[in-house]
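Visitor: All residue numbers for the sequence shown refer to UniProt numbering, where the first residue is 1 and numbers rise by one. Below you'll find the structure I mean.
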Amino acid sequence: MRSTLPDSPAASGKGIRSGSNNSGSNILSDKVNRALEVRTDTPAMMAALEALANLSEHSSGISSSSSLSKASFSRVGSGGGIDARSVRVAIERDALQQALLFQEELKKLVNTVKEVRSSISDIAGAASKVSSVIESNVVRSTVGADGSSVLALSAATKAALASSGSSGGINIEGSAGESKDDNMGYGAKNPYEEERKLALILHDAFRARDEAAKRSEAVHTFLDKFDLSESDSFLLDHYNFDEFDQHYQQDPSMGMADGMAFLDALERVRSIRVQLGKTFGTDVGLSSASSKGNTSSFSGRSSFMSNDSNRSSSALGATSALRIMDGLATKQERAYERLYHFLQRH
Numbered sequence: 001m002r003s004t005l006p007d008s009p010a011a012s013g014k015g016i017r018s019g020s021n022n023s024g025s026n027i028l029s030d031k032v033n034r035a036l037e038v039r040t041d042t043p044a045m046m047a048a049l050e051a052l053a054n055l056s057e058h059s060s061g062i063s064s065s066s067s068l069s070k071a072s073f074s075r076v077g078s079g080g081g082i083d084a085r086s087v088r089v090a091i092e093r094d095a096l097q098q099a100l101l102f103q104e105e106l107k108k109l110v111n112t113v114k115e116v117r118s119s120i121s122d123i124a125g126a127a128s129k130v131s132s133v134i135e136s137n138v139v140r141s142t143v144g145a146d147g148s149s150v151l152a153l154s155a156a157t158k159a160a161l162a163s164s165g166s167s168g169g170i171n172i173e174g175s176a177g178e179s180k181d182d183n184m185g186y187g188a189k190n191p192y193e194e195e196r197k198l199a200l201i202l203h204d205a206f207r208a209r210d211e212a213a214k215r216s217e218a219v220h221t222f223l224d225k226f227d228l229s230e231s232d233s234f235l236l237d238h239y240n241f242d243e244f245d246q247h248y249q250q251d252p253s254m255g256m257a258d259g260m261a262f263l264d265a266l267e268r269v270r271s272i273r274v275q276l277g278k279t280f281g282t283d284v285g286l287s288s289a290s291s292k293g294n295t296s297s298f299s300g301r302s303s304f305m306s307n308d309s310n311r312s313s314s315a316l317g318a319t320s321a322l323r324i325m326d327g328l329a330t331k332q333e334r335a336y337e338r339l340y341h342f343l344q345r346h
């Protein structure tokens with residue numbers, strides 16, 4: 001029978017040491033495996049490795065922090081390792097350097113923006129001056145002492161010529177027919193003089209266009225207010241009272257409608273004549289003969305025309321009113337006469 005004896009102390013101690021060595025090698029192998037599994041081709045890892053490689057260059061390149069670099073690298077062991085604090089200091093120093101560079105570039109950008117803003121303000125001012133000169137009238141029309149129209153350069157044109165340094169022989173205070181070319185010796189080919197003549201022609205053309213538009217609008221307004229419609233004029237001239245009985249017997253509503261339309265046309269004629277008399281400030285227009293004898297009173301007291309200072313326009317409006325009143329009076333007399341005869345027969 002074999003007896004079992006316990007292991008000797010020496011053997012048990014040897015087993016413990018071998019177990020601790022195995023566990024230590026396992027931990028080291030795990031760390032090595034994890035380090036090998038880390039990817040070194042990522043951008044973050046590449047940047048970190050590059051920063052570690054250039055750590056000594058950054059430390060020696062900055063003179064203001066030489067003492068700090070010496071203190072940090074004094075902690076480097078004899079094996080050439082770098083501690084975590086030195087790496088952190090290098091990273092913070094690099095971030096500070098990048099921030100300073102960014103600040104300098106930002107200052108340059110701010111100065112550039114200020115210069116651009118100043119240039120834009122100057123351009124806007126110049127464009128505003130050009131716009132005011134373009135949109136303003138080249139010449140202005142004033143009324144002289146004798147009542148005639150005098151054309152002269154506008155204030156904006158004078159300022160533009162003054163800023164150019166020369167008036168070019170333009171008579172700034174003269175009228176359309178005056179010039180200083182003879183006195184100053186400038187020829188007819190002077191560009192300013194040609195531009196002035198062209199401006200006068202354009203001014204006359206635009207003024208004539210505006211006056212024609214105003215007159216056309218006044219005529220349309222006058223006719224809309226004081227002229228008869230075609231249907232009313234036809235009823236007053238051609239309404240047949242003899243057919244009234246026939247229409248009334250066939251269709252009483254139709255006969256009454258035609259008769260009422262005729263009476264309404266007569267009422268409109270009377271109303272228009274009254275409005276004409278009130279508008280032109282006289283009631284003499286109720287008779288054609290007396291209306292013709294008072295043309296001057298119509299033209300002197302006309303309030304319908306927009307330009308009271310223009311006597312020819314007032315006279316033209318009064319003459320048109322007299323003609324309309326004559327025509328209306330004739331239509332009204334004929335219509336009343338035919339209506340009177342119709343009533344006499346019935």
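Where a beta carbon is used, it is the ideal one built from N, C-alpha and C, also for glycine.
(1) Could you tell me how far apart the beta carbons of residue 227 and residue 324 are, in whole angstroms, since I believe they sit closer than 8 Å?
(2) Start and end of the alpha helix (DSSP H) containing residue 88?
(3) Mark residue 30 as exposed unless 16 or more other C-beta atoms lie within 10 angstroms of its C-beta, in which case mark it buried.
(4) Which term fits residue 331, buried or exposed, when burial requires 16 or more other beta carbons within 10 angstroms of its beta carbon?
(5) With a 10 Å radius around its C-beta and 16 neighbouring C-beta atoms as the bar for buried, classify residue 269 as buried or exposed.
(6) Give the straight-line distance between the Cα atoms of residue 265 and residue 220, rounded to the nearest whole angstrom.
(7) How many Å lie between residue 92 and residue 105 at the Cα?
(8) Suppose you measure from the CA of residue 340 to the CA of residue 320; what does that come to, to the nearest Å?
(9) Buried or exposed for residue 348, please, with buried defined as at least 16 other CB atoms from any protein chain shown within 10 angstroms of its CB.
(10) Using only the alpha-carbon positions, how far apart do residue 194 and residue 271 sit?
(11) Out of 280, 278, 232 and 273, state which residue places its alpha-carbon closest to the alpha-carbon of residue 261.
(12) With 16 as the cutoff for other CB atoms within 10 Å, does residue 235 come out buried or exposed?
(13) Anyone know if the C-beta pair for residue 322 and residue 273 falls short of 7 Å?
(14) Residue 38 by DSSP, collapsed to three states: which one?
(15) Hey, how far is the Cα of residue 276 from the Cα of residue 217?
(16) So what's residue 33 in DSSP terms, helix, strand or just coil?
(17) Determine the DSSP secondary structure at residue 228, reduced to helix, strand or coil.
(18) How many Å lie between residue 120 and residue 196 at the Cα?
Guide: Well, looking at it:
(1) 7 Å
(2) 84 to 135
(3) By the beta-carbon neighbour count (other beta carbons within 10 angstroms, threshold 16), residue 30 is exposed.
(4) buried
(5) buried
(6) Spanning the two alpha carbons is a distance of roughly 21 Å.
(7) 20 Å
(8) 30 Å
(9) With the chain running from 1 to 346 in the structure shown, residue 348 is simply not present.
(10) 56 Å
(11) 232
(12) buried
(13) Cβ atoms of residue 322 and residue 273: not closer than 7 Å.
(14) Looking at residue 38 - three-state DSSP - the assignment turns out to be coil, as it is neither helix nor strand.
(15) 18 Å
(16) Taken through DSSP and simplified to helix, strand or coil, residue 33 comes out as helix.
(17) coil
(18) 33 Å
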